[in-house]
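Protein chains in written order, with our numbering: chain P, 1 to 249; chain Y, 1001 to 1258.
Where a beta carbon is used, it is the ideal one built from N, C-alpha and C, also for glycine.
What follows is a set of notes on a single structure, which appears directly below.
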Amino acid sequence: MIKLVNVCKSFGSQCVLNNLSLEIPRGLITAVIGPSGEGKSVLLKQLIGLQAPDSGQVIVDGTDITRLGRSSLNRVREKFGMLFQNAALFDSLTVFENVAFPLEEKTSLSRQEIKSKVHEALRHVGLSGIDHKYPDELSGGMKKRVGLARALLLKPQIILFDEPTTGLDPIICRAIHQLIADTHRLFGFTAVIVSHEIPEIFDISHRVAMLFRGEIIEEGPTETVRNSRHPVVRQFIDGSLEGPIQFLK
Amino acid sequence: MGIRQPIQRLGGVTLAILRDMGRMLTFLLYALYTIARRPGRPIHILKQLHFIGAKSLFVICLTAAFTGMVLGLQGYYTLAKFGSEGMLGSAVALSLIRELGPVLTALMVTGRAGSAITAEIGIMKITEQIDALKTMALEPFKYLVSPKVIAAVIAVPLLCAVFDVVGIAGGYVVGVKLLGVNPGTYFFEMEKSVVAKDVISGFIKSLSFGLIISWVCCFKGYNAGHGAEGVSRATTAAVVMSSVSVLIWDYFLTSVLL
Chain P
1 MIKLVNVCKS FGSQCVLNNL SLEIPRGLIT AVIGPSGEGK SVLLKQLIGL
51 QAPDSGQVIV DGTDITRLGR SSLNRVREKF GMLFQNAALF DSLTVFENVA
101 FPLEEKTSLS RQEIKSKVHE ALRHVGLSGI DHKYPDELSG GMKKRVGLAR
151 ALLLKPQIIL FDEPTTGLDP IICRAIHQLI ADTHRLFGFT AVIVSHEIPE
201 IFDISHRVAM LFRGEIIEEG PTETVRNSRH PVVRQFIDGS LEGPIQFLK
Chain Y
1001 MGIRQPIQRL GGVTLAILRD MGRMLTFLLY ALYTIARRPG RPIHILKQLH
1051 FIGAKSLFVI CLTAAFTGMV LGLQGYYTLA KFGSEGMLGS AVALSLIREL
1101 GPVLTALMVT GRAGSAITAE IGIMKITEQI DALKTMALEP FKYLVSPKVI
1151 AAVIAVPLLC AVFDVVGIAG GYVVGVKLLG VNPGTYFFEM EKSVVAKDVI
1201 SGFIKSLSFG LIISWVCCFK GYNAGHGAEG VSRATTAAVV MSSVSVLIWD
1251 YFLTSVLL
């Protein structure tokens, strides 16, 4: 289980996370929703130690990762996989090399074993036969799927998804959500998805947390949040221009 | 009130410079620590050796040939004033081995490979590829910094040796073939005046220049700002800082090694 306790994070004078606390249960898909620029990606980066909070604790399976040194933090990171917003594929490596990279660096598998595992992972995400292509030859959706294949390969216990469907057309968006749900059923990992794809994200998540002005203002099972009466949550879900969330000031 | 502001600004700038220097030193120490602990796979080092070393050969040979030829030309007419044309070989060789070889090699490597190193690491940073390495519980220094530092420290002295040889040949072509210096005298005087200390000092210089170039360029790339502009600024800063550092360090090393 992952637990954020009173986490604060500021960039200069801008407070992004304000005494935020959140529990992410094991084995479930938790979606973190909220307007753009509210610090959802910052929250995700706290979970894996890519950014350190100014204060507060980030507890992963009982270990406060904010107190760990580089090597201990790396041991905790072995539990994680992450799919970045732009997939963050290594642009000088082919698709095959990208997906094979963690296996080559972290296991002692033979070339043949790596090859078969990579092909299996690519098949899982519906991308057979593109081994030789470079990331700049792929569409946005294909990049995300390659990123997902890479994240899944070492069978992590926890996978973080940073806006996995942003900028994709509705069909690919649905396909990616379906893929996340299917792979979750298959591998049973804990997932944290940062997204503002409403209402699609409700279809695949078990729990939802809404981030607004640096705080979690609503959190619970998907249906509870979907039917929330909180005015901010309501406005965000309905996509209404009228309400407490002011975009044009 | 009037005098407080400039003093505050000066203090702020001084603190910022000290902070940057501290960060650079920490970066170097961590890079050396990583090299000592886990230097990275040989294939990564070989790739960097190919990029920094083999791919710089052409530009090094070209620069060396013309530098040697200019030295031959200038040296001949200067020495002719004192009737010492026979010393041309030793003048060309000493200038190249002790000074011009290491410095010009370092400046060429900075321009050709150093800028590319900064741009590569900078782009990896802004596209979250470095974060991706971290999320895989891999140490980015092992993949991005160590192989480049090791390769630069090996490649720059080798390139410098090539520079010296080609430069001496360039001086030979101008001095002996065009201006009529006796070929035996050209090499005899060279052999007489160049001692092991000259070669060793050139080697030490080029070795340290390799470290400076890779250190500064990797650091600037790793700390590149936002977007394409951030990478372009980092690349420019890396080339300027590496070149200036090489020249300053050259002065201090020369004063110690002379």
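Item: Using a threshold of 8 Å, state whether the C-beta atoms of residue 1088 of chain Y and residue 1175 of chain Y are closer than that.; Value: yes
Item: Does DSSP put residue 1245 of chain Y in a helix, in a strand, or in coil?; Value: helix
Item: Please list, in chain order, the chain P residues whose beta carbon lies closer than 8 Å to that of residue 1129 of chain Y.; Value: 88, 89, 90 and 91
Item: Is it right to say residue 223 of chain P is buried, meaning 16 or more other beta carbons lie within 10 angstroms of its own, or is it exposed?; Value: exposed
Item: Taking the alpha carbon of residue 1096 of chain Y as the reference point, which residue from Y:1028, Y:1042, Y:1185 and Y:1199 has its own alpha carbon closest?; Value: Y:1199
Item: Is the Cβ of residue 43 of chain P closer than 8 Å to any Cβ of chain Y?; Value: no
Item: Within this structure, are the beta carbons of residue 1221 of chain Y and residue 1121 of chain Y separated by less than 8 Å?; Value: yes
Item: Can you tell which of P:201, P:20 and P:145 has its C-alpha closest to the C-alpha of residue 216 of chain P?; Value: P:20
Item: Quick one: complete beta strand (DSSP E) runs, 3+ long, within the segment 99-168 of chain P?; Value: 158-162
Item: When we look at the beta-carbon of residue 249 of chain P and count the other beta-carbons within 10 Å, is it buried (16 or more) or exposed?; Value: Since pLDDT at residue 249 of chain P reaches only 49, below the 50 mark, its modelled position is unreliable, and the value read off the structure follows with that caveat. Exposed is the call here.
Item: Pop quiz: residue 160 of chain P and residue 4 of chain P are said to be a contact at Cβ under 8 Å. What is the actual Cβ separation, rounded to whole angstroms?; Value: Not confirmed; about 13 Å, so no contact.
Item: Look at the Cβ atom of residue 141 of chain P, then the Cβ atom of residue 172 of chain P, and state whether they are nearer than 8 Å.; Value: yes
Item: Below 8 Å, can you find three or more Cβ-Cβ pairs linking the segment 1122-1137 of chain Y to the segment 1032-1041 of chain Y?; Value: no
Item: Nearest-angstrom Cα distance between residue 232 of chain P and residue 71 of chain P?; Value: 41 Å
Item: If you measure between the beta carbons of residue 192 of chain P and residue 24 of chain P, is that distance less than 8 Å?; Value: yes
Item: What did DSSP end up calling residue 38 of chain P once you bin it into helix, strand or coil?; Value: coil
Item: Which bits of chain Y does residue 210 of chain P rub up against, with CB to CB less than 9 Å?; Value: The premise fails here: residue 210 of chain P is roughly 25 Å from chain Y at the closest Cβ pair, so nothing lies under 9 Å.
Item: Helix, strand or coil for residue 1128 of chain Y? Go by DSSP, reduced to three states.; Value: coil
Item: Among residues of its own chain, excluding the 5 on either side of residue 131 of chain P, which ones have a beta-carbon nearer than 7 Å to its beta-carbon?; Value: 94, 95 and 96
Item: Identify whether residue 1139 of chain Y lies in helix, strand or coil by the three-state DSSP scheme.; Value: coil
Item: Counting only beta-carbon atoms, is residue 96 of chain P nearer than 8 Å to chain Y?; Value: no
Item: Excluding the 5 residues preceding and the 5 following residue 1261 of chain Y in the sequence, name in chain order all residues of the same chain whose CB lies nearer than 8 Å to its CB.; Value: Because chain Y in this structure spans residues 1001 to 1258, residue 1261 of chain Y falls outside the shown range and cannot be described.
Item: So, is the C-beta of residue 1259 of chain Y closer than 8 Å to a C-beta in chain P?; Value: Residue 1259 of chain Y lies beyond the stretch modelled for chain Y, which goes from 1001 to 1258, so this question has no answer here.
Item: Which residues in the same chain as residue 202 of chain P place their Cβ atom closer than 6 Å to its Cβ, once the five residues preceding and following it in sequence are excluded?; Value: 222 and 226
Item: Is the segment 1105-1122 of chain Y touching the segment 1150-1159 of chain Y in the sense that three or more CB pairs, one from each, lie closer than 8 Å?; Value: yes
Item: Mind checking whether residue 1170 of chain Y and residue 1068 of chain Y have CB atoms under 8 Å apart?; Value: yes
Item: How many angstroms separate the CA atom of residue 165 of chain P from the CA atom of residue 1028 of chain Y?; Value: 39 Å
Item: So with CB distances below 7 Å, who are the chain Y contacts of residue 82 of chain P?; Value: 1135
Item: Is residue 1238 of chain Y closer than 8 Å to residue 1090 of chain Y when the C-beta atoms are compared?; Value: no
Item: Does DSSP classify residue 249 of chain P as helix, strand or coil?; Value: Note that residue 249 of chain P scores a pLDDT of 49, beneath 50, so its modelled location is shaky; the value from the coordinates is reported in the next line. The answer is coil: DSSP assigns residue 249 of chain P none of H, G, I, E or B.
Item: Using a Cβ-Cβ cut-off of 8 Å, state whether residue 1132 of chain Y counts as contacting chain P.; Value: yes
Item: Contact between the segment 7-20 of chain P and the segment 51-69 of chain P: three or more CB pairs below 8 Å?; Value: yes
Item: Counting contacts by CB-CB distance shorter than 8 Å, is residue 102 of chain P in contact with chain Y?; Value: yes
Item: Please name the residue or residues paired with residue 31 of chain P in a DSSP beta bridge.; Value: P:193 and P:208
Item: Where does the unbroken beta strand (DSSP E) through residue 1024 of chain Y begin, and where does it stop?; Value: No beta strand (DSSP E) contains residue 1024 of chain Y, which is instead part of the alpha helix (DSSP H) from 1004-1037.
Item: When the Cα atoms are used, what is the spatial distance from residue 1005 of chain Y to residue 1019 of chain Y?; Value: 21 Å
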